[in-house]
Structure formats: structure tokens, C-alpha cells
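K.L.:
Number of protein chains: 2
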Amino acid sequence: MRDPKEACEICLSRKLSLFANLTEEELKKISAAKNMISHKKGQTLFYEGTKPLGIFCVRSGVVKTVKAASNGKEQLIHLAKEGDFLGYTSLLSDDVYSSTSTIIKDARVCFIPKEAFMDVLRKDVNFHYKVTESICRDIGNMEERLTDANQKSIRERLAYVLLKLVNTFGVKGEKGEKIEIVLSREEIASLVGTATETIIRLLSEFKKDKLIALQGKYILVLDKKTLSKVADFYQ
Amino acid sequence: MRDPKEACEICLSRKLSLFANLTEEELKKISAAKNMISHKKGQTLFYEGTKPLGIFCVRSGVVKTVKAASNGKEQLIHLAKEGDFLGYTSLLSDDVYSSTSTIIKDARVCFIPKEAFMDVLRKDVNFHYKVTESICRDIGNMEERLTDANQKSIRERLAYVLLKLVNTFGVKGEKGEKIEIVLSREEIASLVGTATETIIRLLSEFKKDKLIALQGKYILVLDKKTLSKVADFYQ
DNA sequence: TTTAAAAACTGACAATAATCACTTTTCATA
DNA sequence: TATGAAAAGTGATTATTGTCAGTTTTTAAA
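Residue numbers (my numbering), protein chains in the order written: chain B, 2 to 236; chain D, 2 to 236.
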């Protein structure tokens with residue numbers, strides 16, 4: 002569904018994004034070129050293997066990015082929220098999308114065509130710097146995730162993933178912090194890199210140990226401190 | 002050991018690097034600011050957690066980059082050879098080094114101080130593009146590695162690592178391709194993300210199955226086709 | 001409200017990989 | 001070339017995780 006545009010100049014999510022410090026003029030250019038589209042859970046923004054024609058900027062909602070392994074399994078690479086850009090690394094390396102992005106919480110997403118984006122990148126050195134800086138930070142994060150994936154047990158990794166989720170999507174309540182995003186057991190499994198059944202079993206162990214609680218579809222993190230310990234060391 | 006400088010202008014490795022298309026003037030600036038240092042196997046270029054003061058460019062030899070997991074284990078992140086840059090993502094994200102880089106094959110490495118590097122980056126938009134493009138490609142590679150790490154068995158991953166090594170360091174011989182780099186079983190284990198004993202056992206299986214052969218310290222890849230199959234599917 | 005499908009969950013079992021406690025081989029150097 | 005240390009290799013055992021074959025619960029739509 003194509004929405005009436007909301008100008009980038011007045012967009013609140015923008016403040017959180019790489020566009021935070023663009024000039025009025027640059028924002029107008031992008032606003033003029035972009036589309037804002039409302040998406041329902043389950044809709045897909047782009048598919049692995051197709052060619053990027055621009056970049057996506059999340060106004061609201063949550064988008065998951067998934068990569069297919071050559072043996073058919075799937076890896077959840079990233080969860081994008083308000084202010085996050087999607088698909089720009091493929092655009093910038095002039096490659097096809099390395100992964101598929103799908104809405105998992107109803108979202109409004111702006112699409113900015115390649116030319117408008119590249120134009121700002123070309124003309125605004127500060128913006129280019131910010132982009133570079135952000136990508137370099139991503140590399141650091143990926144190195145850490147790779148290290149964890151290879152050197153830690155599933156139990157440690159799940160604990161770590163829960164802590165990351167609570168950092169990004171956590172909302173403090175009376176008892177513990179609620180992860181304000183619904184992920185199926187299968188999706189958590191694909192994020193951690195394990196079988197769905199293993200996630201189910203570990204979550205109920207964590208629950209038994211009072212590290213987490215379940216509130217309907219949501220996970221409440223009760224004991225971050227102990228969870229951090231579980232994430233770091235074989236107990 | 003500090004060496005007499007070899008000017009970037011006449012450096013053969015440069016053609017393989019991100020510096021390939023710099024102007025004469027830019028190269029002179031960098032040449033003037035840099036140091037070339039010869040390193041023996043085992044010496045370390047920089048340590049995880051320290052602040053980058055510039056970037057490293059490999060003239061010859063091989064450098065491994067290793068990251069410590071929070072549980073004390075180690076992950077081999079990258080093997081850099083002639084023409085490869087090291088430490089620039091940490092520099093560009095204004096962060097401490099996320100990993101440690103150590104020589105594993107006697108090397109000559111140039112150190113380019115931050116200011117000289119940033120100066121070229123600031124003034125030469127094309128160079129900045131090339132850097133961005135390269136980092137974005139790295140992101141794609143890391144996504145693939147993460148997916149493999151999480152979704153594949155050790156056997157598949159070892160097969161995949163051997164294929165990657167032969168692509169990068171392979172030299173064709175009469176029978177198969179020789180991986181022209183000496184890695185200990187422990188280092189291969191840290192690259193694949195498993196125990197040393199597991200690597201030893203799998204390598205001798207691969208040898209038994211005539212996928213590889215051992216020639217002293219070197220590994221010969223005999224059957225890339227079957228190895229690719231092993232890398233992709235549970236047999 | 002019924003009903004079919006999807007998701008969550010459980011238990012048994014098998015497979016994979018880690019760990020430990022060695023032996024053997026290789027290598028550097030005294 | 002002797003020798004001690006490091007690396008490679010082996011075997012037995014255990015722990016972890018995956019797979020399969022279900023049941024139960026939840027959800028969405030008729």
C-alpha cells in the first residue's frame with residue numbers, strides 16, 4: 002500500500018538514522034524521490050539474489066533479514082527497527098541482495114531510489130563518512146557474532162541473543178524487561194543457529210531457573226546478570 | 002626491523018590493493034609518511050583492545066587476524082596476503098582494534114599513519130568509494146560465514162574452508178592444488194570453529210577419501226568437486 | 001463457535017563433536 | 001646429533017545437539 006508521503010524533514014525516525022544530519026536541501030531531494038509504503042507482517046521488501054534499485058529506511062515496525070544457507074537452512078541475520086537502513090551494503094558493493102528482508106511487525110518503510118541516495122553520498126562527504134563509520138561498526142559486530150557462533154555453545158548463544166534483544170527491543174516493567182517483539186521459536190532458532198526444539202527446551206530451562214518469564218507471545222527477561230554469566234562461560 | 006622504504010609508486014603489491022588507482026601525488030604523500038617493516042613469523046602487528054594509529058598494508062607474507070571469545074577461546078577471522086589492508090575498519094569506526102593481527106608467514110608490512118590515510122580518503126572521493134565498496138563486500142562475506150557457522154556441520158565447514166584456502170593460496174601442481182600456506186591444526190580448528198582433535202580426524206578422513214593429500218606441512222586439494230559437495234550437503 | 005492449520009511442546013533416540021588422557025612424530029636448537 | 005618442547009595423532013568416553021515422531025495448544029478464518 003502506497004501511502005501519502007511524510008517528508009523526511011519532519012520524520013521523527015530520521016533523527017535515529019544515518020540521515021540525521023543531512024541539510025534541508027538534501028532532505029527535500031530525498032523526500033521528492035522516495036515512496037513510503039505500509040507493509041503487513043509477512044510481506045517481503047526484497048529477495049536474496051535480486052538486484053537492488055535503492056535503499057529502504059524503516060519508519061516504524063520491525064523487519065527481519067534472512068539468508069539461505071546452501072543446505073537449505075536459514076540464518077536470521079538482522080532485525081531492523083525505526084531509523085534503520087536496509088539493503089545499502091548490496092547497493093554500495095554493486096551486488097545482488099545477499100539476503101531476504103521480510104516484515105515481522107507491521108511497518109512503514111520508505112524506499113529511496115538508488116540515484117537519489119547516491120547523489121547525496123557523492124555530494125555530502127560528511128554523510129559518506131557516517132555511512133562508512135556505520136558499516137565499519139557493522140563489520141566489528143559481525144566479527145563478534147562469528148566468533149560467538151563458532152566458539153560458544155547453543156546455551157551461551159541463546160543467553161547472548163536474549164540480552165541483545167532486550168537491549169534493542171526491551172521495555173522496562175515492574176518485573177523485568179519485556180522484549181517488545183514477537184519472534185516464533187523457529188525464528189529464534191534461526192537467529193541463534195540451532196533447531197527449534199533446542200530453543201524450546203532451553204527457554205523452558207531458563208524459565209525454570211527464573212532467568213526469563215513468558216507473557217503470552219512475549220519474553221520477559223528477569224535476571225540479566227545471571228543471563229550474562231550464562232552467555233560468557235560454560236557453567 | 003625497519004626497512005629502507007620502497008616507494009608505493011613502484012610497489013607491485015599496490016596494484017592488488019585499494020591503492021591501485023591513486024594518483025602519483027597521493028602515492029608520494031603516502032610513501033613519505035609510511036614505514037615498511039619486516040616481520041618474522043609470530044610477531045604481532047596490533048593487539049585487540051588497543052587504539053589504531055594508522056593502517057597496515059601487506060607487501061608480502063601472510064598475517065592472521067584472531068579474535069578472542071569471551072570464554073577464552075579464539076576465532077581466526079581473516080588471513081591477509083599481499084595487497085591486503087589491515088586495521089582500517091577499526092580506524093574508520095574510531096574504535097579500538099576488535100582483533101589481534103599476527104604474522105604467520107614472514108612478511109613485509111607497511112604502516113601508514115592515520116593522518117596520511119585519512120587525508121587521501123578525504124580528498125579522493127573515488128578512493129573513498131572503493132573503500133566503501135570493499136567493506137560492503139566484506140559485510141556480505143561475513144554474513145555468509147555467519148550463516149555457514151550457524152547452519153552447517155563441522156565437516157561441511159572444513160570442506161568449505163579448504164576450498165576457500167585453495168582459492169586464495171592455491172598453486173596448481175601435477176596432482177591437485179597445493180595450499181601454499183602453513184597452518185597448524187590448531188589454527189585450522191580456530192578458523193573452522195571446532196576442537197583441534199576434530200580437525201585432525203576430519204583431515205585424515207578427507208585424506209582416506211582422496212579429497213586431499215598431505216605434503217609435509219602443506220595440504221594438497223585433490224578433488225575440489227567432491228569437496229564442494231561435502232561443503233554443501235549432509236552426506 | 002467450529003475447525004483446520006500452524007506453532008509450541010515432549011520424549012526417545014541417534015549423531016555429532018568435545019574432552020581427556022594419553023602416544024608418536026616433528027622441529028628447533030643447544 | 002641429542003634432546004626437550006611443541007605439534008600431530010589416537011582411543012575411549014561424555015556431553016551436546018539434532019532428528020523424528022508424535023501430542024497439545026494456539027490462532028485465524030470459515
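Where a beta carbon is used, it is the ideal one built from N, C-alpha and C, also for glycine.
1) When you compare the CB of methionine 143 of chain D with every CB in chain B, is at least one pair closer than 9 Å?
2) Which residue spans inside the stretch 139 to 177 of chain D form an unbroken beta strand (DSSP E) run of at least 3?
3) Can you tell me whether glutamate 206 of chain B is helix, strand or coil according to DSSP?
4) Report the residues of the stretch 68 to 87 of chain D with a CB closer than 7 Å to any CB of chain B, ordered along the chain.
5) Shorter than 9 Å from the beta carbon of serine 100 of chain D to some beta carbon of chain B?
6) Just to confirm, are glycine 88 of chain D and phenylalanine 47 of chain D a CB contact at a threshold of 9 Å?
7) Does any C-beta atom of chain D lie closer than 9 Å to the C-beta of arginine 123 of chain B?
8) By DSSP, does threonine 51 of chain D sit in helix, in strand, or in coil?
9) Along the beta strand (DSSP E) that carries valine 193 of chain D, what are the first and last residues, could you check?
10) Within the stretch 104 to 128 of chain B, note down every full alpha helix (DSSP H) run reaching 4 residues or more, in order along the chain.
11) Under 9 Å, Cβ to Cβ, is there at least one residue of chain B near lysine 185 of chain D?
12) Tell me the DSSP secondary structure of alanine 34 of chain B in three-state form.
13) Taking 9 Å as the threshold (C-beta atoms), are glutamate 157 of chain B and lysine 68 of chain D in contact?
14) Going by alpha carbons, who is nearest to alanine 34 of chain B out of B:Asp107, B:His40, B:Lys115?
15) Using only the heavy atoms of the ligand FAD, determine whether one of them is closer than 8 Å to the beta carbon of lysine 30 of chain D.
16) Check whether the stretch 171 to 190 of chain B and the stretch 221 to 231 of chain B are in contact - that is, three or more C-beta pairs closer than 8 Å.
17) Which residue from D:Cys9, D:Val64, D:Ala232 puts its Cα closest to that of glutamate 25 of chain D?
18) Compute the distance between the beta-carbons of leucine 93 of chain B and isoleucine 155 of chain B, then report whether it is under 9 Å.
19) Whole-angstrom Cβ separation of valine 110 of chain D and cysteine 58 of chain D, contact assumed at under 8 Å?
P.N.:
Based on what the coordinates show:
1) yes
2) 171 to 173
3) helix
4) Lys68, Ala70, Ser71, Asn72, Lys74, Gln76, Ile78
5) yes
6) yes
7) yes
8) coil
9) Element bounds for valine 193 of chain D: not the beta strand (DSSP E) but the alpha helix (DSSP H), 186 to 193.
10) 115 to 124
11) According to the sequence as given, residue 185 of chain D is serine; it is not lysine. Output row for serine 185 of chain D: interface = no.
12) helix
13) no
14) B:Lys115
15) This structure lacks the ligand FAD; in fact it carries no ligand of any kind.
16) yes
17) D:Cys9
18) no
19) 7 Å
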